[in-house]
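In what follows, a single structure is set out as C-alpha cells and then discussed.
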Amino acid sequence: MAFSNEQLERYSRHIILKEVGAKGQKKLQAAKVLIIGAGGLGAPAALYLAAAGVGTIGIADADAVDLSNLQRQVIHATPDIGKAKVCSAKQSMQAINPEVQVNTYQCFVTAANVMELVADYDFVLDGTDNFPAKFLINDACVLSAKPFSHAGIIRFQGQLMTYVPGQGPCYRCAFQNPPPADAVPTCRQAGVIGAMGGVIGSLQAMEAVKYIIGQGDLLCGSLLTFDALKMEFRKIKLPRRDTCAVCGSQPTILAAFDYKQAACDLKPAT
Amino acid sequence: MKLTVAGNLKEFADGLTVAKLIELEQVETPEYITVSVNDEFIASDSFESHVLADGDAVEFLYFMGGGR
Amino acid sequence: MADRVEFAIDETVDITDVVCPVTFVKAKVALEELDAGQILAIRLSDGEPVVNVPRSLKDEGHQVLKLADNCDGTYTLLVRRMEED
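Those protein sequence lines, which keep their order, are chains A, B and C.
The first sequence lines up with residues 1 to 270 when you count with this note's numbering.
The second sequence lines up with residues 1001 to 1068 when you count with this note's numbering.
The third sequence lines up with residues 2001 to 2085 when you count with this note's numbering.
This is how it looks when you write it as C-alpha cells:
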C-alpha cells in the first residue's frame, strides 16, 4: 500500500530516519499495541503511539476521569471529568491521528479476560497502578509469549523493563511475588510528580516503537531506573531466575490468576 | 574491602553480609527488597548468610507499584 | 560522454506536488520500493528541491546518475537504488 502525500507529510520525521523509513512506518501501521491503564503511564504512551501511526491501539481501563487524575494524565482534560477514561483517551488519540484504530475495553483486567485481551496484540504496555495487576499482566504475557513493557512510578522515581519471549527475564524473575497490600507505598499514598509518568510512559512507547520496527536494543535483561531528584538514569542488569514460577525451568504458574489483595487497592483512584 | 553499591564504590569492613549491608545502606522497605550481587539474584533467605567479597557489585531492586 | 549514456528507468515519481521535507521523503519512499540496482526517475521543481533532494539521496547511500533540466521549471533526477546496509 502506497502512502498518500498527507501520510508522507504526517510521518515525514519518521520516514526520514534510516532506522524507520517507509518500511518501518508500514510496520507501525500494521502493528497492534495494547495499553492497560489509561493513567499516568498510559496517557503519554497512548498519545505518542497514536501520533506515531501505530495502526491499532487497544486501551483498557475501568475508571472514569477524576479531577485528581489531571495533574499527570495528560490524555484527559478538565471537560472529560466523569467520562470513561477509555472514551476520553480515544477522543484525544483520534484528534491527534484519525488514522489510528482505537479499541476500548472499559473493564478491569483480570485472570478471566487477560488472556483473550492480550491475544489480539503484538505488544503490551503495562500502565497499571497495583501489584496484582502488574503480576497478572506479566504472567499472561509470559504464558502467551507476548512481549511487554513493565513500568512503575512513585514520587520522583520510575523504572521500566521489557520482556521479550524466549530472551530476557520476566518481571517475576526480578520481583517474584507482590508485596502485601500497603506494605509498599502506592502513588495514591505517596504521591508522584506528574512529569514522571511523561518520562517513563514515553520510554515505554519508545520500547514499543523499537520492538515494532526491529531496531536498537530493548530493555530486555535490564531494569532502567530513573531518579528525578538526582537526575540519574541507571541500567541495572537483570538476570533470569531459573526458579522463576512462571518463566523458569519448572514453572508452577500455568495459567493466569488473580491475587486476592485488599479490594481497596483495586478500586478506582480517587 | 571495596563494594560497588548501586553504582557507587564504597569502603566496608570485611565479612559484611547482605543483611548487614541492607541495614547500613538504610534501604527502604528492606523486607521487600530484591538484591543482586555481580548480576546474580540472592535469595532473600540467604541475606543473613551471604558474605560479600571485595570487589562485589551489589544492586537493590525496589518495588514500584504506581502507574496511574 | 557520460551525458549520452541512456539509463533504463524502472519507476518514476513526481515530487513537484509536495514541499520540503516531504519532497525528499516521497523520493526516499519511492526508492525504497525498488530493488537494489533499479533506477528511479524523479520529477522535481527548480530551487530548493533541486539543491537538496539529490544531496539527501546521496547521503542515504544511493547513486545519483543524472540531473536533466526539463526547461519548464522542473528537472528529472535519475537515481540508482543501492543495497541496504
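C-beta atoms are modelled at their ideal positions from N, C-alpha and C, and glycine is treated no differently.
All values derive from a computational prediction rather than experimental measurement.
- In the three-state scheme derived from DSSP, where H, G and I count as helix and E and B as strand, Val1005 of chain B is classed as strand.
- Judged by their CB atoms, Leu47 of chain A and Ile15 of chain A are not nearer to each other than the 8 Å cut-off.
- By the Cβ rule, the stretch 152 to 160 of chain A counts as touching the stretch 186 to 200 of chain A, because three or more pairs are nearer than 8 Å.
- In chain C, no part has a C-beta under 9 Å from the C-beta of Glu19 of chain A; the shortest such distance is about 11 Å.
- In the three-state reduction of the DSSP assignment, Gly214 of chain A falls in the coil class.
- Within chain A, the C-beta atoms nearer than 9 Å to that of Leu1061 of chain B come from Gln159, Ala174, Phe175, Leu223, Thr225, Ile236, Leu238, in chain order.
- Annotated three-state conformation of Glu9 of chain A is helix, per DSSP.
- In terms of Cβ geometry, Ile200 of chain A and Phe233 of chain A do not form a close pair [threshold 8 Å].
- Residue contact check for Gly1066 of chain B against chain A: a CB pair falls below 8 Å.
- Within the DSSP secondary-structure output, Leu2065 of chain C pairs in no beta bridge.
- The contact set of Lys2058 of chain C on chain A, defined by CB atoms closer than 7 Å, is empty, because the minimum CB distance reaches about 14 Å.
- DSSP places Met93 of chain A within a helical segment (H, G or I) once states are collapsed to three.
- Within the stretch 131 to 157 of chain A, contact with chain B at the beta-carbon level (separation under 9 Å) is assigned to Phe131, Ala133, Lys134, Ala151, Gly152, Ile153, Ile154, Arg155, Gln157.
- Only exposed fits Ser4 of chain A, as fewer than 16 other CB atoms lie within 10 angstroms of its CB.
- The beta carbon of Ala51 of chain A lies closer than 7 Å to those of Ile96, Asn97 in the same chain, with the five residues before and after it left out.
- By the rule that beta-carbons nearer than 8 Å mark a contact, Leu8 of chain A touches chain C.
- Residue nearest to Gln167 of chain A within the set A:Tyr121, A:Ala30, A:Asp242 is A:Asp242 (criterion: CA-CA distance).
- Between the alpha carbons of Leu1052 of chain B and Lys210 of chain A lies a distance of about 38 Å.
- Residue contact with chain A for Val2029 of chain C: present (Cβ-Cβ distance below 8 Å to some residue of chain A).
- What Pro2021 of chain C touches in chain A, judged by beta-carbon distance under 7 Å, is Ser12, Ile16, going in chain order.
- Excluding the 5 residues flanking it on each side, Ile2009 of chain C has same chain C-beta neighbours closer than 8 Å at Ile2039, Leu2040, Ala2041, Leu2078, in chain order.
- Under the three-state reduction of DSSP output, Thr78 of chain A falls in the helix class.
- With a contact defined as Cβ atoms closer than 8 Å, Asp258 of chain A and Leu136 of chain A qualify at about 6 Å.
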